[in-house]
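One line per chain: the protein sequences are A and B, in this order. For what it's worth, the working numbering labels the leading residue of the first sequence as 41, then goes sequentially. For what it's worth, the working numbering labels the leading residue of the second sequence as 617, then goes sequentially. Glycine included, every Cβ here is placed at the ideal spot set by N, Cα and C. Every value quoted in this text rests on a predicted model; they were computed, and no experiment measured them.
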Amino acid sequence: MNCEEAGRLLHAYADSELELQSALAVEQHLQVCARCRASFAGVTALRAALARACEPERAPPQLRARIVRELRGRGAPAPAAERRRAWLLAAPGIAALALVAGLLLAQPWRSDPVHRVVLHIATADNTAANLRTLKNLLDATPGLHAVVVAHNAGIEFLLRGARDENGRPYEEIVRDFRERGVEFRVCGNTLTRRRIDTTAVIPEAVLVPSGIAELARLQGREGYVYLRL
Amino acid sequence: MLSGEERERFERLMLPHLDAAYGLARWMTKNDELANDAVQEAFLRAFRFFGSLRGEDGRPWLLRIVRNACLELMQREQFAAAEAFDEERHDGAAAGAVVVLPVNPEAAAIERAERQLVRDCVAELPCDFREVIVLRELHGCSYREIADIVGVPIGTVMSRLARARRLLQGRISQRVRRDGTGT
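Encoded structure:
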C-alpha cells in the first residue's frame, strides 16, 4: 500500500469502518511510514478534541413535555410548528388579531388583560403586510404596548435608505409607529454576522445584543405575548 | 390512525432518542428556538409515519426525519440565506487555510485547543460538513447510518467526513497558533 491509498482509507480506518484486509494493509503501512502515522495522529487528536469539546446535549424538559402532550392529545396530529406557521402566514392580520383576542379571553385568571405584545420579524418578505398587521393590531387593541424585535433578514426595513414598494422610506413609517408608542429593537448578532455597521440602523430603532435573547426575556420576564410575523 | 398501544410503543422506542434528536437539531440550526420547533415537528411527523418503520433501527430513522425537519425550517426561516452568506465568508478564509495546511496535521496544536474554540470551529463548518461530523463524532453513527440519514452513498460519507475533518484540523490549528502568538 502506498501513501495515497493509505491517505484515502485513513479516516475509514480511524472509524473502524474498513474490512479486515484493508484495515491490516493500512496498519502495516502506518508501521513503516512516519508521514502517514503523523496524519493518523492528527485524526485521532481531532476526534479526541471533539469528544472533549462537544458534550452530549440534553433536550429541555419542556420540549419533552410538549411532545408527549401533543402525542397524547390526538390520534395522529398534524405537525404543530407547521400548523402554527401556516396559520400565521395565511392571514397574518386576522390571525394575529384573533390570537391576541383569544389570549385576552383565555386568561381569566389575570386581573389585567394582556397589554404587551412582542412581534418577531425574521424575514424581509412581507414587511409591508407585517406593518399593516401591526397597525391593525394597534387599532383593534386600545392601550396595547407593542415591541417589534427584528433579526436575520427581518432587520432590513430598519436600515437607513430602506423603502417600501411605493418608494416611501420605511423610516417615516417607523416614525409614525414610534409616535403610537411602538418600540423597534434590532438584533446586534445579526448586524455582526452580516457585517452591518450600527450607524446603518435608523435612529428610531434600538440595538439589543441578541434578538432571540430579547424575545425570551420579554416573554419570560415581562409577560409579553409573542407573535411571529 | 394509531391506537393507544401503538402510541405507547412509539414513546417507548422514540423518546429515548430525544436528546440525540435535540443535539443534532441544535448543531444543524445553530438556533435554540428552531431546534425545539424542528424536534417537535420531527417527533409528530415520525409518529404519523411510524407504521413505515419496519424492523429498522429507530434512531437513524428518527434522525433522518429530524435532519429533514431542520433543513425545511431553516429554509423557511431564511436561515439558509444567512448560512450561504456565512459559508461564502468562511470558505474564503478556509480556502487559504486548506491550501497551506501542512501534510502533517498539527496534532499538538489540536490537543491544546480550548473546548470553546473547537465548538466554534464545528459551528462554522458549512452545513454539509457539519452534519457528518456531528453524526459521526457526537452521535457515533456508522457510515451506513450516516448515508441513510443524509441520503448519500457511503463513498460520499467517507470523502465528506475526511474533508470535514481536514477543514476542522486546519481551522483549529490555525486559531490555536494565532491565539498562541497573540497572548
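Item, Value
"Alpha carbon to alpha carbon, how far is Asn229/A from Leu689/B?", "20 Å"
"Would you call the segment 236–256 of chain A in contact with the segment 622–640 of chain B, where contact means no fewer than 3 C-beta pairs closer than 8 Å?", "no"
"Which same chain residues end up closer than 6 Å to Ala12/A when comparing Cβ atoms and leaving out the 5 residues on each side of it in sequence?", "Here chain A comprises residues numbered 41 to 269, so residue 12/A is not present and cannot be evaluated."
"By the DSSP assignment, the alpha helix (DSSP H) with Phe663/B in it spans what residues?", "648–664"
"What are the complete beta strand (DSSP E) segments, minimum 3 residues, inside the segment 148–186 of chain A?", "156–161"
"If you measure between the beta carbons of His185/A and Val214/A, is that distance less than 9 Å?", "no"
"Does the beta carbon of Val738/B come closer than 9 Å to any beta carbon on chain A?", "yes"
"Exposed or buried, what is Thr173/A when buried is set at 16 or more other beta-carbons lying within 10 Å of its beta-carbon?", "buried"
"For Cys94/A and chain B, any beta-carbon pair shorter than 9 Å?", "yes"
"Report the rounded CA-to-CA distance for Ala637/B versus Asn206/A, giving the unit in angstroms.", "45 Å"
"Counting beta carbon pairs with one atom in the segment 71–81 of chain A and one in the segment 47–58 of chain A, are three or more of them shorter than 8 Å?", "yes"
"Counting contacts by CB-CB distance shorter than 9 Å, is Gly639/B in contact with chain A?", "yes"
"To the nearest angstrom, how far is the alpha carbon of Arg642/B from that of Ala169/A?", "31 Å"
"Are the C-beta atoms of His262/A and some chain B residue less than 9 Å apart?", "According to the sequence provided, residue 262/A is Glu. The question's His does not apply to it. Chain B contact via Cβ: absent."
"Which residue comes first and which comes last in the alpha helix (DSSP H) that contains Phe745/B?", "743–749"
"Below 9 Å between beta carbons: does that hold for Cys94/A and Val792/B?", "no"
"Any C-beta of chain B sitting closer than 9 Å to the C-beta of Asp55/A?", "yes"
"Mind listing which residues of the segment 72–96 of chain A have their C-beta closer than 8 Å to chain B's C-betas, in chain order?", "Arg75, Ala78, Ser79, Ala81, Gly82, Val83, Thr84, Ala85, Leu86, Arg87, Ala88, Ala89, Leu90, Ala91, Arg92, Ala93, Cys94, Pro96"
"Ordered along the chain, which non-local residues of its own chain (more than five positions away) have a Cβ less than 7 Å from that of Gly263/A?", "Arg156"
"Could you check where the alpha helix (DSSP H) with Glu223/A kicks off and where it finishes?", "Glu223/A -> not in any alpha helix (DSSP H); beta strand (DSSP E) instead, spanning 223–227."
"Whole angstroms are fine: how far does the CA of Glu761/B sit from the CA of Phe663/B?", "20 Å"
"Glu205/A: beta carbon under 8 Å from a heavy atom of the ligand ADP?", "This structure does not include the ligand ADP; it has no bound ligands of any sort."
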